Amino acid sequence: EAGVAQSPRYKIIEKRQSVAFWCNPISGHATLYWYQQILGQGPKLLIQFQNNGVVDDSQLPKDRFSAERLKGVDSTLKIQPAKLEDSAVYLCASSLALIRNTEAFFGQGTRLTVV
Amino acid sequence: GQQVMQIPQYQHVQEGEDFTTYCNSSTTLSNIQWYKQRPGGHPVFLIQLVKSGEVKKQKRLTFQFGEAKKNSSLHITATQTTDVGTYFCAGRDYKLSFGAGTTVTVRA
């Protein structure tokens with residue numbers, strides 16, 4: 002079974018620039034998550050999709066972050082404009098359904114450095 | 026909103042010793058999950074606890090869910106160097122929220 006695919010693996014940008022991350026979840030997984038993990042901290046949920054609908058985006062800084070999951074499969078997360086404090090690893094995860102007793106499978110993550 | 030807290034933040038253990046890490050939620054959870062993240066890696070699912078008071082074991086790891094479904098613990102016996110990493114609990118209601126993790130280092 003193929004895992005969660007993310008790209009790019011690494012990205013370095015200057016502050017005020019824009020950046021986009023891509024995630025392809027495991028086939029058949031209805032729930033998709035984007036997490037931000039700052040060095041030394043736990044993953045912080047940015048947004049959670051169920052198919053192509055948003056379940057929770059309460060911690061997404063909507064003035065600069067946006068995410069979409071067209072057709073309920075792939076997803077993109079965008080930051081515009083980036084700030085220094087956005088430097089982190091962005092993790093995408095997926096799970097079989099919103100049914101609560103399902104584990105999340107994580108991708109390798111995208112390490113973003115804002116300079 | 027739901028908040029999940031873990032203690033201790035760091036655990037430095039002598040090889041062969043036991044230790045416990047604790048997880049507390051501000052709200053009652055439908056289930057709690059534990060993940061392990063190796064240095065430079067991504068979180069990997071270990072186990073899920075669903076029932077009040079549930080105890081599960083995986084070799085040297087023992088996981089427990091509190092009676093009120095608001096706290097959990099992970100106990101590791103006879104720590105080995107392969108146990109190095111950060112252990113996260115994640116509480117699930119309609120969303121999956123992670124604690125800050127316990128980072129474990131082992132001295133031989």
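So the protein sequences, as listed, match chains A and B.
Heads up: the first sequence begins at 2 in this note's numbering, then just goes up one per residue.
Heads up: the second sequence begins at 26 in this note's numbering, then just goes up one per residue.
Glycine included, each C-beta is placed from N, C-alpha and C at the ideal position.
Note that the structure is predicted; figures quoted are calculated from it, not measured.
Quick one: residues in its chain with C-beta nearer than 6 Å to the C-beta of residue i, no 5 flanking neighbours on either side, listed in chain order?
{"i": "A/L61", "result": "L47, I48"}
{"i": "A/S76", "result": "C24, L33, R70"}
{"i": "B/L86", "result": "I101"}
{"i": "B/Q36", "result": "F44, T127, V129"}
{"i": "B/A103", "result": "G41, R85"}
{"i": "B/R63", "result": "G110"}
{"i": "B/G78", "result": "E92"}
To the nearest whole angstrom, what separates the beta carbons of residue i and residue j, a pair I think is in contact under 8 Å?
{"i": "A/T111", "j": "A/S88", "result": "12 Å between Cβ atoms; not a contact."}
{"i": "B/Y119", "j": "A/V56", "result": "6 Å"}
{"i": "B/T53", "j": "B/K81", "result": "The Cβ separation is near 19 Å, so there is no contact."}
{"i": "A/G108", "j": "A/A6", "result": "6 Å"}
{"i": "B/A125", "j": "B/T106", "result": "Contact doesn't hold; Cβ gap of about 23 Å is too wide."}
Could you tell me whether the Cβ of residue i comes closer than 8 Å to any Cβ of chain A?
{"i": "B/Y112", "result": "no"}
{"i": "B/A93", "result": "no"}
{"i": "B/S122", "result": "yes"}
{"i": "B/Y47", "result": "no"}
{"i": "B/F70", "result": "yes"}
{"i": "B/Q73", "result": "yes"}
{"i": "B/Q58", "result": "yes"}
{"i": "B/G41", "result": "no"}
{"i": "B/G126", "result": "yes"}
When you compare the CB of residue i with every CB in chain B, is at least one pair closer than 8 Å?
{"i": "A/Y34", "result": "yes"}
{"i": "A/V56", "result": "yes"}
{"i": "A/P62", "result": "no"}
{"i": "A/A3", "result": "no"}
{"i": "A/F22", "result": "no"}
{"i": "A/A6", "result": "no"}
{"i": "A/E104", "result": "yes"}
{"i": "A/G110", "result": "yes"}
Thinking C-alpha only, which one of the options is nearest residue i?
{"i": "B/L74", "options": "B/G66, B/Y60, B/H67", "result": "B/Y60"}
{"i": "A/A3", "options": "A/I27, A/E15, A/I13", "result": "A/I27"}
{"i": "B/G115", "options": "B/V131, B/S97, B/T104", "result": "The sequence shown places Ala at residue 115 of chain B, rather than the Gly named in the question. Checked all of B/V131, B/S97, B/T104; the closest Cα to B/A115 is B/S97."}
{"i": "A/L97", "options": "A/S8, A/K16, A/H30", "result": "A/H30"}
{"i": "A/I14", "options": "A/S67, A/F106, A/W35, A/I80", "result": "A/I80"}
{"i": "B/V22", "options": "B/Q58, B/V109, B/E92, B/G66", "result": "Any property of residue 22 of chain B remains undetermined from this structure, which presents chain B solely from 26 to 133."}
{"i": "A/W35", "options": "A/K84, A/L85, A/F50, A/S19", "result": "A/F50"}
{"i": "B/L121", "options": "B/G110, B/E92, B/F70", "result": "B/F70"}
{"i": "B/C48", "options": "B/Q31, B/H67, B/Q62", "result": "B/Q31"}
{"i": "B/G110", "options": "B/S50, B/H67, B/E79, B/S51", "result": "B/H67"}
{"i": "A/P9", "options": "A/T103, A/E104, A/L92, A/A105", "result": "A/L92"}
{"i": "B/F123", "options": "A/S19, A/Q42, A/N52", "result": "A/Q42"}
{"i": "A/Y11", "options": "B/G65, B/F113, B/L99", "result": "B/G65"}
{"i": "A/A21", "options": "A/L78, A/Q38, A/N53", "result": "A/L78"}
{"i": "B/S51", "options": "B/Q83, B/Q27, B/Y112, B/L99", "result": "B/Q27"}
{"i": "A/I39", "options": "A/V90, A/D58, A/D64, A/N52", "result": "A/V90"}
Quick one: what's got a C-beta closer than 8 Å to residue i's C-beta in the same chain, skipping five residues either side?
{"i": "B/K76", "result": "F90"}
{"i": "A/K16", "result": "P82, A83, K84, L85, V115, V116"}
{"i": "A/T103", "result": "T32, S96, L97"}
Leaving aside the five residues before and after residue i along the sequence, list all residues of the same chain whose C-beta is less than 7 Å from its C-beta, in chain order.
{"i": "B/N56", "result": "Q73, L74, V75, R117"}
{"i": "B/D108", "result": "I101, V129, V131"}
Does the beta carbon of residue i come closer than 8 Å to any beta carbon on chain C?
{"i": "B/H67", "result": "Here the protein chains are A and B, and chain C is not one of them."}
Positions along the stretch 59 to 92 of chain A whose CB lies within less than 8 Å of some CB in chain B: Against chain B - using a Cβ distance shorter than 8 Å - the residues of the stretch 59 to 92 of chain A are S59, L92.
Near-chain B residues of the stretch 35 to 51 of chain A (beta-carbon distance less than 7 Å), N- to C-terminal order: Going along the stretch 35 to 51 of chain A in chain order, one finds Q42, G43, P44, L46, Q49 with a Cβ nearer than 7 Å to chain B.
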